[in-house]
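If you read the sequence shown in the working numbering, its first letter stands for residue 131, the second for the next number, and so on.
Positions of the beta carbon are idealized from the N, C-alpha and C atoms, including for glycine.
The structure appears right after this line, and notes come after that.
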Amino acid sequence: MQIDMINATVLFCGEEFTHETMKKSEMKQTSIQSNGRVSKSRAVCSVCSRMFREPKLLPCLHTFCADCIRQIEPFSAPKVDGKSTPLGAEGLAGDRNSVTVLCPECDSEVDLPSSGVDSLTTDHLALDEVFMETLLIESSVSCDLCSDGEAGQRCEVCSVNLCKFCSQAHRRQKRTSSHSIHSLEDLKAQGHLSRPVLCSVHAGQELRLFCEPCDLPVCRECAAAFHREHRCRPTHDVINHHGDRIRALVSGSLRPRLGRLEEALRRVDTSQGALQRHAKMLASEIRAFAQGYATAVEAHCSSLLRALEDLRLQRSNQLHLQRAQLLQSLADTGGAVDFAERLLTCGSEAEILDAKGVTVRRLITLLESGYDPQPDTVAHDDGSGICFLPQRCAGQVEGFPMVGVLHAKTTDPSKCVVQGEGVQQGAEGQRGEFTLICKDSAGELMGTGGDAVLVSVVHTEQKDCRVDATVVDNGDGSYAVSYLPEVSGSYSVWVCVKAQHVKVAYVHPSARGDEVPAVDVTPAVLPLQGSPFSLTVRPKFRRHHGIFHCCSFCSSKGAKEAQCGCPGTMPGISPNRERELEFDLMICCILLNISLHILFVLCVCVCVCVCACVCVCACVCVCVCV
Numbered sequence: 131m132q133i134d135m136i137n138a139t140v141l142f143c144g145e146e147f148t149h150e151t152m153k154k155s156e157m158k159q160t161s162i163q164s165n166g167r168v169s170k171s172r173a174v175c176s177v178c179s180r181m182f183r184e185p186k187l188l189p190c191l192h193t194f195c196a197d198c199i200r201q202i203e204p205f206s207a208p209k210v211d212g213k214s215t216p217l218g219a220e221g222l223a224g225d226r227n228s229v230t231v232l233c234p235e236c237d238s239e240v241d242l243p244s245s246g247v248d249s250l251t252t253d254h255l256a257l258d259e260v261f262m263e264t265l266l267i268e269s270s271v272s273c274d275l276c277s278d279g280e281a282g283q284r285c286e287v288c289s290v291n292l293c294k295f296c297s298q299a300h301r302r303q304k305r306t307s308s309h310s311i312h313s314l315e316d317l318k319a320q321g322h323l324s325r326p327v328l329c330s331v332h333a334g335q336e337l338r339l340f341c342e343p344c345d346l347p348v349c350r351e352c353a354a355a356f357h358r359e360h361r362c363r364p365t366h367d368v369i370n371h372h373g374d375r376i377r378a379l380v381s382g383s384l385r386p387r388l389g390r391l392e393e394a395l396r397r398v399d400t401s402q403g404a405l406q407r408h409a410k411m412l413a414s415e416i417r418a419f420a421q422g423y424a425t426a427v428e429a430h431c432s433s434l435l436r437a438l439e440d441l442r443l444q445r446s447n448q449l450h451l452q453r454a455q456l457l458q459s460l461a462d463t464g465g466a467v468d469f470a471e472r473l474l475t476c477g478s479e480a481e482i483l484d485a486k487g488v489t490v491r492r493l494i495t496l497l498e499s500g501y502d503p504q505p506d507t508v509a510h511d512d513g514s515g516i517c518f519l520p521q522r523c524a525g526q527v528e529g530f531p532m533v534g535v536l537h538a539k540t541t542d543p544s545k546c547v548v549q550g551e552g553v554q555q556g557a558e559g560q561r562g563e564f565t566l567i568c569k570d571s572a573g574e575l576m577g578t579g580g581d582a583v584l585v586s587v588v589h590t591e592q593k594d595c596r597v598d599a600t601v602v603d604n605g606d607g608s609y610a611v612s613y614l615p616e617v618s619g620s621y622s623v624w625v626c627v628k629a630q631h632v633k634v635a636y637v638h639p640s641a642r643g644d645e646v647p648a649v650d651v652t653p654a655v656l657p658l659q660g661s662p663f664s665l666t667v668r669p670k671f672r673r674h675h676g677i678f679h680c681c682s683f684c685s686s687k688g689a690k691e692a693q694c695g696c697p698g699t700m701p702g703i704s705p706n707r708e709r710e711l712e713f714d715l716m717i718c719c720i721l722l723n724i725s726l727h728i729l730f731v732l733c734v735c736v737c738v739c740v741c742a743c744v745c746v747c748a749c750v751c752v753c754v755c756v
């Protein structure tokens, strides 16, 4: 129901007081608000931030201006003939379609009446707040009728401010003589405004009746015209019943809920404060942790940079060493070749023959034992083998876990080792074998192969006697080396990785004739000198120049310390062990001879017994016959 307070036309001094007069008052309120003298209060709309104009009450009990409600975008609308009806400001103002909007205050879904926004309940309390706000803010109020004098009184029925002259005239008019007029100062002192609610249909008629079937207040003319068959009672008779119902809902259910909500809100606020304090404390811990972590990361970074610099220096030193070796070999070979060519070109026959001996020896020495690497076996270390792995765990630095390691898994020739007896001893016509194990600069085994390995086996006593060595890459950082010597004698074994000699070789101690150490070492091996290694190849058939004997025991007349007459040894057995075996064999022979003699005596005894038994039996038979 729309309740228009200024619909009634008041005649005063030949003038007509209409809705235009109220618009002047609204313009004054707008001017007051625009000057910033009105703070946010119950008289101000939360949408337009101005004083209420035609305040309407939504079902969620939030009040807004009628125009502000019309401008709200619809949340949903019913379908007409199976199609959605597009709604805008015109749709909200229409009287045929019901729409749902979201309350700007609480975001609740509220349904607007099908007849439009004007059918919403007018918030009279908001109108009272607007007037009281105006009275409290303005130092002087103009008369709403003449607009010239200063208003000092207000008609509660017409809701207009009146000056002294207009107030007297208002009381003289027949239609307004019964209106209640109050002083503005008294209204300010009261702090609230009490005025009658007028009917929106019949101008000037106060709503004094309540239609119970329709559940709405009506004036006398409405009751007579539209609610003739309804039970209409005076408002003062039904106010207690309906007021008690509202009071019961508030006091019985909602007021206790308010207490619980306030208590819950206090707890939420307390939790919010505790959360803020805890978050602040955690933020301090996080900052301290981040600073410590940043320091640890910087330390880790410095450590990685130092390790990288060490690797660079190590690789650079290796390249310098390789370069020095190549330069020295180049100088030696170049000098010898230049001298030989100059000797052959410029020397006379006598000069050539005179220098032939030393020249040939030098050339042969360079040819057999000189540093002669193949270009493909020369290390091309450009640093590409060094890489940074940012995702790999790097342990802890100052208690913080770190990631990122410097990976330099490249072979360091100074850390490589050779294992196996074949690098020191061999046999003519038998394949000798040993293993090359490549390691990195940290002494860890290489997990991959592909290194440039050069193995050369050269006879040191015979010219032009070389043995082809076969190198098999196992793919795990180890290389199986085998060779087949056809000639016995002394050999020189060159084992080079990246054109650099291997520094250490390990062989089993028994291969050298040494005693096995009492304490196990892993591996149970003994170190040899570095490359080139000395290799001794035994002949296939050993020539014996001593006296052949059946056994050392017989030739020595049973001496325990007897030795074999030839210089030969049993492969894989030490000389002391050979003497022990000879003594054991002597004991076995003695026991065997004794056993044979005992067996012979037993056989003779058995034969004698058998003969005696035969004689006895013969005698018995003769006696029986006689």
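(message) What does the Cβ neighbour count give for H450, buried or exposed, with the cut at 16 atoms within 10 Å?
(response) exposed
(request) For K318, count neighbouring Cβ atoms within 10 angstroms of its own Cβ and tell me buried if that reaches 16, exposed if not. (result) The C-beta of K318 has fewer than 16 other C-beta atoms within 10 Å across all chains shown, which makes the residue exposed.
(message) For L536 and I516, which I take to be in contact (beta-carbon distance under 8 angstroms), what is that distance rounded to the nearest angstrom?
(response) 7 angstroms
(message) Suppose you measure from the CA of H631 to the CA of C718; what does that come to, to the nearest Å?
(response) 53 angstroms
(message) For a quick check, are the C-beta atoms of V583 and V597 less than 9 angstroms apart?
(response) no
(request) Label G562 either buried or exposed according to how many other C-beta atoms from any shown protein chain fall within 10 Å of its C-beta, with 16 as the threshold for buried. (result) buried
(request) Enumerate in chain order the residues of its own chain whose CB-to-CB distance from D581 is below 7 angstroms, with the five nearest sequence positions on each side excluded. (result) So the qualifying residues of the chain are T541, C568, V627 and K628.
(message) Going by C-alpha to C-alpha distance, which of Q554, D345, L388 and E351 sits closest to H371?
(response) D345
(message) Looking at the secondary structure, which residues open and close the beta strand (DSSP E) in which M532 lies?
(response) F530 to H537
(message) Bridge partners for S330 per DSSP, in chain order?
(response) According to DSSP, which records beta bridges pairwise, S330 is partnered with nothing at all.
(message) Just to confirm my understanding: we take V290, look at its own chain, exclude 5 residues before and 5 after, and list those with CB closer than 6 angstroms. What are they?
(response) D274
(message) According to DSSP, Q555 sits in a beta bridge with which residue or residues?
(response) T666
(message) For the pair the region 428-438 and the region 520-528, tell me if three or more CB-CB distances fall below 8 angstroms.
(response) At 8 angstroms Cβ cutoff, the stretches touch.
(request) Specify, as a first and last residue, the run of the alpha helix (DSSP H) that K545 falls within. (result) No alpha helix (DSSP H) contains K545, which DSSP labels as neither H nor E.
(request) Within its chain, find whatever has a CB closer than 8 angstroms to the CB of T365; leave out the 5 residues flanking it on each side and keep chain order. (result) L337, R338, L339, F340 and P347
(message) Under DSSP, the beta strand (DSSP E) around Q303 begins and ends at which residues?
(response) That residue, Q303, is in no beta strand (DSSP E); it is neither H nor E in DSSP.
(message) So the candidates are T230, L187 and E558; which of them puts its Cα closest to the Cα of R668?
(response) E558
(message) Can you tell me whether E591 is helix, strand or coil according to DSSP?
(response) coil
(request) Verify whether the separation of the beta carbon atoms of D253 and P185 is less than 9 angstroms. (result) yes
(message) What does DSSP give as the partner residue(s) for G389 in the beta ladder?
(response) DSSP lists no bridge partner for G389.
(message) I need the straight-line Cα distance from V368 to V177, nearest angstrom please.
(response) 36 angstroms
(request) Check whether the Cβ atoms of G579 and T565 lie closer than 9 angstroms to each other. (result) no
(message) Check for me: the beta strand (DSSP E) holding G757 runs from which residue to which?
(response) Since the first residue shown for the chain is 131 and the last is 756, residue 757 is missing from the structure and cannot be characterised.
(message) Quick test of your reading: A281 and L314, contact by CB under 8 angstroms. State the CB separation rounded to the nearest angstrom.
(response) 7 angstroms
(request) Go to N291, then tell me how far its beta strand (DSSP E) extends in each direction, as first and last residue. (result) V290 to L292
(message) Please classify I376 as buried or exposed, where buried requires at least 16 neighbouring CB atoms within 10 angstroms.
(response) With fewer than 16 other Cβ atoms within 10 Å, it is exposed.
(request) Look at V229 and L250 and say whether their C-beta atoms are less than 9 angstroms apart. (result) no
(request) For Q526, name the three-state secondary structure that DSSP assigns. (result) strand
(message) Helix, strand or coil, according to DSSP, for T365 in the structure here?
(response) helix
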